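Read through the structure below, which is laid out as structure tokens, and then see the notes.
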Amino acid sequence: MKLEAVELIRLNVPLKSAFRTSEGSVTVHEVVWVHAITDVGEGWAECAANALPDYSSEYHTGAGAVLQEFFIPELMKLGNKLTAEKVAPTLHWAKGHRMAKAALETAILDAQLRAANTSFATYLGAVKTKVPAGVSVGIMDSLPELMGFVEGYLAVGYLRIKLKIEPGWDYEPVKLVRETFGPDLLLQVDANTAYTRNDFDLLKRLDEFNLLLIEQPIEEEDILGHKKLADYINTPVCLDESIVSAGVARDAIELGATEIINIKPARVGGYLEAVKIHDIAQASGIPVWCGGMLETGIGRAANLALAALPNFTLPGDTSASARYFETDTTAPFVLVNGHIDVPTGPGIGVDPISEVVQRYTVSTAWVK
Ligand code: SMG
Ligand code: MG
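This is how it looks when you write it as structure tokens:
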């Protein structure tokens, strides 16, 4: 296939409620879309980079710039020799920028699979038609406010609760949720790197709550620190930000620094790398689950396909559209008995709703 043009679309999608992590608070999901025009058809992807370089070093304006300046022209140079499988090797010379690379690869893969009448689920190796849904609950101003949200999510059927934590918002909220909803609630926490090697005793106190896992407690580059913590506490350590490639995943597993992995395709450079991590983890007996970056339907669709692979044995942060948005950019993903259907149509299996996209669009740029 041949990449003829790419439209980069900046969208501001309002969230129903603020989402606060240890890294900051977002009320609007500010995001870049990649709309690839090829000779075999069009493809879509949502770049996961946040508005600020707070989750990783990438941010939406930077992602748009590196795509426009380097990555899109580079792929256009391949002429009619382009395939989705060639995107990562072709862009390998460029360091980092994995979310930008992932979005471009995904949009091209979407076009390729639509043309072949194959779904992401089939292409990636999905074995399920629906996936269990968890929900990530942000840091709140008060415990009653937190309880209101958790109760609401459980009432609509979410199968697992993840609480965002940070120093000063950890032991008490976790204790209250555990005591209120009982020992059978699947409960986990995510610190987004908010703690240090000096906090191990504090984190060990969470052992009493029988958590499924603690996600990314200390800084992303301190993989050895996570190994030391994993040896010190009973709660399984799960890496998110640290796992940026299959190679890092392999090393972290071998070192004993991660007992479970949160796979986000965007963080690792795309779905093909994500499948490699899935396979490495599976061969090592390490369960994985699918993370989220507040994606609208365009990004969520492909994540649901990935979450249907066999070693995704824990509920993901792949929640329903109504968890985030009044109006999603695609037909909404809905929660049915705690599960969300994996799209079955060609490519990502969903299409943007143009009047909604127009409403949220801030600017567009064409690369030709
Ligand atoms: O998509 O439901 C979602 C958000 C899940 O908690 C979530 N993501 O570290 O895992 C994580 C955070 C990163 C969010 S940055 C906006
Ligand atoms: Mg996380």
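Sequential numbering of the sequence shown, starting at -18, is according to this note's numbering.
The beta-carbon is built from N, C-alpha and C at its ideal position, and this holds for glycine as well.
The structure presented is a predicted model; accordingly, all values stated were derived computationally and were not measured.
For the beta strand (DSSP E) that contains residue i, what are its first and last residues?
{"i": "Glu50", "result": "It is not in any beta strand (DSSP E) - Glu50 carries neither H nor E in the DSSP assignment."}
{"i": "Lys143", "result": "Arg141 to Lys145"}
{"i": "Lys111", "result": "Lys111 to Pro113"}
{"i": "Arg1", "result": "Leu(-16) to Thr2"}
{"i": "Glu39", "result": "Element bounds for Glu39: n/a, residue is neither H nor E."}
{"i": "Leu59", "result": "Neither: Leu59 is in no beta strand (DSSP E) and is coded neither H nor E."}
{"i": "Val218", "result": "Val218 to Leu220"}
Quick check: does the Cβ of residue i come within less than 6 Å of any heavy atom belonging to the ligand SMG?
{"i": "Leu220", "result": "no"}
{"i": "Ser3", "result": "no"}
{"i": "Tyr134", "result": "no"}
{"i": "Asn173", "result": "yes"}
{"i": "Asp151", "result": "no"}
{"i": "Tyr341", "result": "no"}
Note down the Cα distance separating residue i from residue j, rounded to an integer number of angstroms.
{"i": "Glu126", "j": "Val170", "result": "17 Å"}
{"i": "Asn284", "j": "Pro313", "result": "14 Å"}
{"i": "Thr299", "j": "Gly278", "result": "11 Å"}
{"i": "Thr177", "j": "Glu200", "result": "7 Å"}
{"i": "Ala96", "j": "Gly206", "result": "46 Å"}
{"i": "Thr311", "j": "Val158", "result": "33 Å"}
{"i": "Trp150", "j": "Val131", "result": "15 Å"}
{"i": "Ser(-2)", "j": "Val218", "result": "29 Å"}
{"i": "Val317", "j": "Thr110", "result": "13 Å"}
{"i": "Asp203", "j": "Ser223", "result": "8 Å"}
{"i": "Pro34", "j": "Tyr40", "result": "5 Å"}
{"i": "Glu276", "j": "Leu135", "result": "21 Å"}
{"i": "Ala282", "j": "Phe162", "result": "31 Å"}
{"i": "Leu220", "j": "Arg248", "result": "12 Å"}
{"i": "Gln263", "j": "Arg231", "result": "11 Å"}
{"i": "Pro268", "j": "Lys349", "result": "42 Å"}
{"i": "Pro113", "j": "Gly138", "result": "10 Å"}
{"i": "Ala286", "j": "Trp270", "result": "12 Å"}
{"i": "Gln49", "j": "Phe181", "result": "44 Å"}
{"i": "Glu(-15)", "j": "Ser335", "result": "21 Å"}
Can you tell me whether residue i is helix, strand or coil according to DSSP?
{"i": "Thr64", "result": "coil"}
{"i": "Thr161", "result": "helix"}
{"i": "Leu295", "result": "coil"}
{"i": "Ala17", "result": "strand"}
{"i": "Tyr341", "result": "helix"}
{"i": "Gly24", "result": "strand"}
{"i": "His10", "result": "strand"}
{"i": "Leu290", "result": "coil"}
{"i": "Tyr369", "result": "Limits of the chain in this structure are -18 at one end and 349 at the other, which puts residue 369 out of reach."}
{"i": "Gly228", "result": "helix"}
{"i": "Ser100", "result": "strand"}
{"i": "Val269", "result": "strand"}
{"i": "Gly5", "result": "strand"}
Let's see if you can read the secondary structure: which residues bound the alpha helix (DSSP H) around residue i?
{"i": "Thr87", "result": "Arg79 to Ala96"}
{"i": "Ile244", "result": "Note, Ile244: premise wrong, no alpha helix (DSSP H); beta strand (DSSP E) at Ile241 to Ile244."}
{"i": "Leu124", "result": "Leu124 to Val137"}
{"i": "Val256", "result": "Tyr252 to Ala264"}
{"i": "Lys76", "result": "Neither: Lys76 is in no alpha helix (DSSP H) and is coded neither H nor E."}
Tell me, please, whether the CB atom of residue i is closer than 7 Å to any CB atom in chain C?
{"i": "Ile89", "result": "Of the chains in the structure shown, none is chain C; there is only one protein chain."}
Give me the DSSP bridge partner(s) of residue i.
{"i": "Trp150", "result": "Glu147"}
{"i": "Val320", "result": "Note on residue identity: the sequence assigns His, not Val, to residue 320. Answer is Pro113 and Val317, bridged to His320."}
{"i": "Asp171", "result": "Lys145 and Glu196"}
{"i": "Ala346", "result": "Leu(-11)"}
{"i": "Gly278", "result": "Answer by DSSP bridge pairing: none, since Gly278 is not bridged."}
Does at least one heavy atom of the ligand MG sit under 6 Å from the Cβ of residue i?
{"i": "Asp322", "result": "no"}
{"i": "Gln197", "result": "yes"}
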